[in-house]
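Trainee: Questions regarding the structure given below will be posed in turn.
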Amino acid sequence: IQRHRESGHLRPWVYDERRGEDGNAMHVLSAAQLNSLAICLFLALNLERETDLMTAILDDPVQSLDDLNLLSLADVLRTFRVERQVIISTHDETLAELLIRKLRPLRAEDSTLVVTLDQWAEGGPRVRAERRDAPALEPERELIWDSGV
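Residue numbers (the numbering used here): 2 to 150.
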């Protein structure tokens, strides 16, 4: 990736080592691959910035991602959340359930907040929030978990 600093332009360039060829990502990648690249670039640039608000916010990030790229995105976000609070909005219930399952808290100090907006009325939507904490582990499993095994 070649990053030019004039006016915040970013020109992604891809290189295939096996074929020894390169090219502009816009001309080489499919729409789904470009969406995946855009998400990766956004997350990488987000990690580059040190701020008081250590958060990444994604608004309906899936667009034209296929199932494999969607699962990969969930795995990337699971790793990414160690460095940043991740906020994702989506209207896709299937994606929401996948992310809730894949991003579930595993450590005692982690939690997931699921906010649902539905039943729109004149006064606005019904807002429901559910905090999900890591499940309590049995003492034997805590010892294994703490020892890094």
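The beta-carbon is built from N, C-alpha and C at its ideal position, and this holds for glycine as well.
Can you check which of these residues, I58, D60, V83, S31, is closest to D67 by C-alpha distance?
Mentor: The residue you call residue 67 lines up with position 66 of the sequence shown. Looking at the Cα atoms, S31 is the closest of the given residues.
Trainee: Taking the CB atoms as reference points, tell me whether I40 and I88 lie closer together than 7 Å.
Mentor: For the purposes of this step, residue 40 is taken as the residue at position 39 of the sequence shown. For the purposes of this step, residue 88 is taken as the residue at position 87 of the sequence shown. No, the pair does not count as a contact, with Cβ atoms beyond the cut-off.
Trainee: Note down the Cα distance separating S90 from L42, rounded to an integer number of angstroms.
Mentor: The count along the sequence shown starts at 1 and reaches residue 90 at position 89. The count along the sequence shown starts at 1 and reaches residue 42 at position 41. Each residue's Cα considered, the two are about 19 Å apart.
Trainee: Given this structure, state the Cα-to-Cα distance separating V63 from L11, to the nearest angstrom.
Mentor: By 1-based counting over the sequence shown, the position of residue 63 is 62. By 1-based counting over the sequence shown, the position of residue 11 is 10. The alpha-carbon atoms of V63 and L11 are separated by roughly 21 Å.
Trainee: Considering only residues of the same chain and omitting the five flanking positions on each side of L96, which have a CB-CB separation below 6 Å?
Mentor: Position 95 of the sequence shown, counted from the first residue, corresponds to residue 96. Only V63 meet the Cβ criterion.
Trainee: With burial defined as no fewer than 16 other Cβ atoms inside 10 Å of the residue's Cβ, what is the status of L54: buried or exposed?
Mentor: Residue 54 sits at position 53 when you count from the first residue of the sequence shown. Counting Cβ neighbours within 10 Å, L54 comes out exposed, since fewer than 16 surround it.
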